[in-house]
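Quick note: the sequence shown uses my numbering, first residue 1251, plus one each step.
See below for the structure under consideration.
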Amino acid sequence: LDELLDERLFESAPTRAEFATDLRERMASADAGDPERQVDLLRQFQRAAMFRVAVPDLTGRLPVMKVSDRLTDIAELIAMEALDLSWGQIVARHGTPCCGSAGQGVHDAGMIVVAYGKFGGIELGYGSDLDLVFLHDSSGEEQRTRGPAVIENGVFFLRLVQRLVHLLTVHSAAGRLYEVDTRLRPSGKGGLLVQSLDGFRDYQRGEAWTWEHQALLRARAVAGPPALRARFEAVRLDVLRSGVRRDGLREEVRKMRERMRAELSCPAAGQFDLKRDAGGITDIEFLAQYWTLLWCDRHPELATYSDNIRQLESLASIDLVPQATVDALTGTYRLYRQRIHRLSLDGEATVVPENEFADERARVTAVWTDTLG
């Protein structure tokens, strides 16, 4: 009701700056020693902000790409705030993590939150979960906190991540913020929940599968020290440009998509799953990823963007994919995502009658067949 009384709701689309101000003002009323209240305030902010996005979305005043931009802004602001809260709580018990070597000095260590998937691609929907990976820059002979209760940095960062994930996923009086998925970290569920950026780089260059490089195309650092976020981006670009195995790339991408269809796509008769079925969103994403990985060693600028639309437009801008093909794919992608936003607001699954997007689906399938067989 408070949001409905705000005239801005019907006069202008929300901005990230407005969301940031709202969050800052809400959190200012929280007691640092009351984590439950802090989580409640985060959730209240999230609900109010999403409502401010949904109203202009439903009234046609906010294009689908801007809807995802604003929903991604909300998630980024919450992730940044949750990291700050978690950091403060763990540091209060153990002190700041420090690292270094004899003769080279000691410096503070930090950690970043890396977004993958829809979050990394700036394409969040109303019901999207968050795919997250956590990386730190601790290294050297000495890696421990300053106290009062001294612990090794590895333990510090593990507790930090556990606290952060708890804040994002715990059920509070105002509900839960997000579902969080950490399985995209190196080695999946069997890997470390948080690892060093150096270790991440070595894994991506020496052990990562092709699908992990596809996922890296959509990765962005969204919270943590700016310098460490910049280092991650440099590593990401270096891996994508020089660490991808391009021999057999076409076959690897095609096989992974076939496996996904076999395991995840189970439509009922007469239905079309906008995300998973042939001719749907995942096919468009895989096409963008295949082309980008194939050519970004010769055209490094292709790896700059983490979202599908700009990846596809970049491919067309340097004549690697026909403009007409890119226009068809990006237009269909926007239509699918707009429909998914509506279904999500209605609490429905991403399934429509099979004839609803018959022409669009056929065009995507034709491009897929021509490109990947």
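Note that CB positions come from ideal geometry on N, CA and C, so glycine has one too.
| Asked | Found |
| --- | --- |
| Looking at L1410 and I1362, is the spacing between their C-beta atoms short of 8 Å? | no |
| Within this structure, are the beta carbons of T1460 and R1435 separated by less than 8 Å? | no |
| With DSSP as the reference, please indicate the residues paired to P1347 in a beta bridge. | T1395 |
| Using the C-alpha atoms, what's the distance from T1554 back to C1348? | 32 Å |
| Span of the beta strand (DSSP E) holding Y1376? | Element bounds for Y1376: n/a, residue is neither H nor E. |
| Quick one: complete beta strand (DSSP E) runs, 3+ long, within the segment 1568 to 1616? | 1601 to 1603 |
| If you draw a straight line from the alpha carbon of H1549 to that of W1541, how long is it in whole angstroms? | 11 Å |
| Measuring straight from C-alpha to C-alpha, what distance separates D1577 and T1322? | 24 Å |
| Can you check whether the CB of G1350 is closer than 8 Å to the CB of E1402? | no |
| For R1500 and L1382, what's the separation of their Cα atoms in angstroms? | 27 Å |
| With H, G and I counted as helix, E and B as strand and the rest as coil, what does DSSP make of I1362? | strand |
| Counting pairs of beta carbons, one from the segment 1522 to 1529 and one from the segment 1605 to 1616, are three or more of them closer than 8 Å? | yes |
| For L1570, which residues in the same chain have their Cβ closer than 6 Å to its Cβ, ignoring the five residues on either side in sequence? | W1545 |
| Any idea which residues DSSP pairs D1381 with across the strands? | Y1366 and D1431 |
| Near A1352, what residues of its chain come up, given a Cβ to Cβ distance below 7 Å and the 5 sequence neighbours on each side ignored? | E1391 |
| Pull the bridge partners of L1402 from the DSSP assignment, please. | Before going on, a small fix: residue 1402 reads as Glu here, not Leu. According to DSSP, E1402 bridges with R1394. |
| Of all the options A1325, I1590, A1332 and E1275, which has the alpha carbon lying nearest to the alpha carbon of P1285? | A1332 |
| What first and last residue would you give for the alpha helix (DSSP H) that runs through D1523? | Element bounds for D1523: not the alpha helix (DSSP H) but the beta strand (DSSP E), Q1521 to D1523. |
| In three-state terms, what does DSSP make of A1473? | strand |
| With V1503 as the anchor, note down where its beta strand (DSSP E) starts and where it stops. | No beta strand (DSSP E) contains V1503, which is instead part of the alpha helix (DSSP H) from L1499 to L1514. |
| Where does E1429 land, buried or exposed, given buried means 16+ other C-beta within 10 angstroms? | exposed |
| Can you tell which of L1254, V1305, V1444 and G1493 has its C-alpha closest to the C-alpha of F1407? | V1444 |
| What is the residue span of the beta strand (DSSP E) that Q1628 lies within? | In the structure as shown, the chain starts at 1251 and stops at 1623, and residue 1628 therefore has no counterpart that could be examined. |
| Which residue from L1292, L1259 and L1291 puts its Cα closest to that of V1224? | Only positions 1251 to 1623 of the chain appear in this structure, which leaves residue 1224 out of reach. |
| Can you give the Cα-Cα distance for Y1366 and D1431, rounded to whole angstroms? | 10 Å |
| Using the three-state DSSP reduction, which class does S1556 fall into: helix, strand or coil? | coil |
| Would the beta-carbon of Y1586 fall within 8 Å of that of L1537? | no |
| With the cut-off set at 8 Å, would you say G1345 and R1396 are in Cβ contact? | yes |
| Going by DSSP in three states, S1262 sits in which element: helix, strand or coil? | coil |
| Got a sec? Which residues, its chain only, sit under 7 Å from Y1453 by beta carbon, not counting five neighbours each side? | P1436 |
| Using CA atoms only, rank isn't needed, just tell me which of F1450, E1373 and G1456 is closest to E1535. | E1373 |
| Determine the direct distance from the alpha carbon of K1439 to that of L1593, and round the result to whole angstroms. | 31 Å |
| Alpha carbon to alpha carbon, what distance is there between S1279 and D1319? | 28 Å |
| S1422 by DSSP, collapsed to three states: which one? | strand |
| For V1420, does the count of other Cβ atoms within 10 angstroms reach 16, so buried, or fall short, so exposed? | exposed |
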